[in-house]
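**Q**
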Amino acid sequence: ICDKVAAIQQIRDLLECVWPAALQSAAQPLKSQTWLAALTVVMCRDGGDLARTRRLGARRFETAVRREITRRGWAKPCLRIVRAMFGALTDEAGVIAHRAGVFERIGWLIEDFDTAVAKLAVVETRMVATLDELQLTDLVCSIEGLSPVGAAAILAETGDLSRFASARAVVKHAGLAPRERMSGTFTGRARLSGAGRPGLRVAAWRAVWGALHNNGVYAERYRHLTTRDDNRLKPTQAQTVIAAAILRQLHAVVTTRTAWDPDIARYGLLAATRATGATTASTAA
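Going by this note's numbering, the sequence shown opens with residue 1068, and the numbers climb by one from there.
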């Protein structure tokens, strides 16, 4: 992942210097598959020769981008970005004198990016295979929004979750447990301890993004924390709460070998049990 991110960041830095118009062709160019495919056509297929790419014409350039996207196994391109990228070929802003050398470097960085993506895919496949061997894949994926790779990344940092006495111990191991600052008669605001495993903290943080988009319980909790009138949290603070919740509930799911239950996650075990008992009693009556 680090190699992938580093390659992308270097591409941004170089383009800002010699061809900033390319970065302006998409709202989030470094996250756009279409933009990367178009850049690959310009830098790798045509060797960074903008005049050569212009001679293709808009229609043939679009065809070349589609072919590159197909080669990478991605979906169809965003034509707006393709057209904007083709229009940027005539833009002369930037340090033009250095373009040839920089474009060659960008071509190498794209190759580095592709190599890093391929290696990452192999590693992720092995991680999921390990989950399958442990018969944990279906169990951890019962937590809506948590992918097999995300769960595997967390478990790679924690090891066997049964070695932790409680779910809170896992959260403390990640350094996500709040700790109040106290000195004599002074009591400060509670802050994250910062202790524990940084890798586990990062893995839990990454799991938050998918959870907030695909898990109704976590999304509801996040909205409550960031909109309540009393002790409203900032988005980053609320995300930290969700990351800790994922660790606690993953511990419960794995150690008890019980699938994730949204009612328990939302209300707690006791409240969910009472609600289930009340429903059963009313049905029987």
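Quick reminder that beta carbons are idealized off the backbone N, C-alpha and C, glycines included.
In whole angstroms, what separates the C-alpha of residue 1091 from that of residue 1138?
**A** In the sequence shown, residue 1091 corresponds to position 24, counting from 1. In the sequence shown, residue 1138 corresponds to position 71, counting from 1. Using only the alpha carbons, I get a separation of about 25 Å.
**Q** Check whether the Cβ atoms of residue 1230 and residue 1244 sit closer than 8 Å, and answer yes or no.
**A** Numbered from 1 along the sequence shown, position 163 holds the residue referred to as residue 1230. Numbered from 1 along the sequence shown, position 177 holds the residue referred to as residue 1244. Against a cut-off of 8 Å, the Cβ pair of residue 1244 and residue 1230 comes out as no contact.
**Q** State the start and end residues of the unbroken alpha helix (DSSP H) segment that holds residue 1298.
**A** Counted from its first residue, the sequence shown places residue 1298 at position 231. That residue, residue 1298, is in no alpha helix (DSSP H); it is neither H nor E in DSSP.
**Q** Count the other CB atoms within 10 Å of the CB of residue 1318; is the residue buried (16 or more) or exposed (fewer)?
**A** Start at 1 with the first residue of the sequence shown, and residue 1318 comes out as number 251. By the 10 Å Cβ count, residue 1318 comes out buried.
**Q** Determine the direct distance from the alpha carbon of residue 1089 to that of residue 1072, and round the result to whole angstroms.
**A** One-based indexing of the sequence shown puts residue 1072 at position 5. One-based indexing of the sequence shown puts residue 1089 at position 22. Straight-line Cα distance between these residues: approximately 19 Å.
**Q** Kindly list the residues whose CB is nearer than 7 Å to the CB of residue 1286, restricted to its own chain and excluding five residues on each side of it in sequence; keep chain order.
**A** Residue numbering aside, residue 1286 sits at position 219 when the sequence shown is read from its first letter. These residues qualify, in order along the chain: 1279.
**Q** Pick out whichever of 1288, 1326, 1172 has its Cα sitting closest to the Cα of residue 1111.
**A** The residue you call residue 1111 lines up with position 44 of the sequence shown. With distances taken between Cα atoms, residue 1111 lies closest to 1172.
**Q** Measuring straight from C-alpha to C-alpha, what distance separates residue 1174 and residue 1273?
**A** Here residue 1174 refers to the residue found at position 107 when the sequence shown is read from its first residue. Here residue 1273 refers to the residue found at position 206 when the sequence shown is read from its first residue. Distance between the alpha carbons of residue 1174 and residue 1273 is about 29 Å.
**Q** Report back the beta-carbon spacing between residue 1288 and residue 1309 to the nearest angstrom; my notes put them in contact at under 8 Å.
**A** For this step, residue 1288 is matched to residue 221 along the sequence shown. For this step, residue 1309 is matched to residue 242 along the sequence shown. With a Cβ gap of about 7 Å, residue 1288 and residue 1309 count as contacting.
**Q** My understanding is that residue 1069 touches residue 1101, with C-beta atoms under 8 Å, so please give their C-beta distance in whole angstroms.
**A** On the sequence shown, residue 1069 is found 2 positions in, with the first residue counted as 1. On the sequence shown, residue 1101 is found 34 positions in, with the first residue counted as 1. Residue 1069 to residue 1101, Cβ: 25 Å. No contact.
**Q** Which whole-angstrom value describes the C-beta separation of residue 1210 and residue 1085, a residue pair presumed to lie in contact below a C-beta threshold of 8 Å?
**A** Stepping through the sequence shown from its first residue, residue 1210 is reached at position 143. Stepping through the sequence shown from its first residue, residue 1085 is reached at position 18. Contact flag wrong, Cβ pair sits at about 46 Å.
**Q** Where does the unbroken alpha helix (DSSP H) through residue 1265 begin, and where does it stop?
**A** Within the sequence shown, residue 1265 is the residue found at index 198, counting from 1. Where residue 1265 is concerned, the enclosing alpha helix (DSSP H) stretches over 1265-1281.
**Q** Determine the extent of the alpha helix (DSSP H) in which residue 1069 is found, giving its start and end residues.
**A** Your numbering for residue 1069 matches position 2 in the sequence shown. First-last of the alpha helix (DSSP H) with residue 1069: 1069-1085.
**Q** Distance check for residue 1165 and residue 1213, CA to CA, integer angstroms please.
**A** By one-based count along the sequence shown, residue 1213 stands at place 146. By one-based count along the sequence shown, residue 1165 stands at place 98. Distance between the alpha carbons of residue 1213 and residue 1165 is about 45 Å.
**Q** Give the single residue among 1275, 1157, 1133 whose Cα lies nearest to the Cα of residue 1305.
**A** Here residue 1305 corresponds to residue number 238 of the sequence shown, with the count starting at 1. Of the listed residues, the one whose Cα sits closest to residue 1305 is 1275.
**Q** From residue 1169 to residue 1081, what distance separates their C-alpha atoms?
**A** The residue you call residue 1169 lines up with position 102 of the sequence shown. The residue you call residue 1081 lines up with position 14 of the sequence shown. The alpha-carbon atoms of residue 1169 and residue 1081 are separated by roughly 7 Å.
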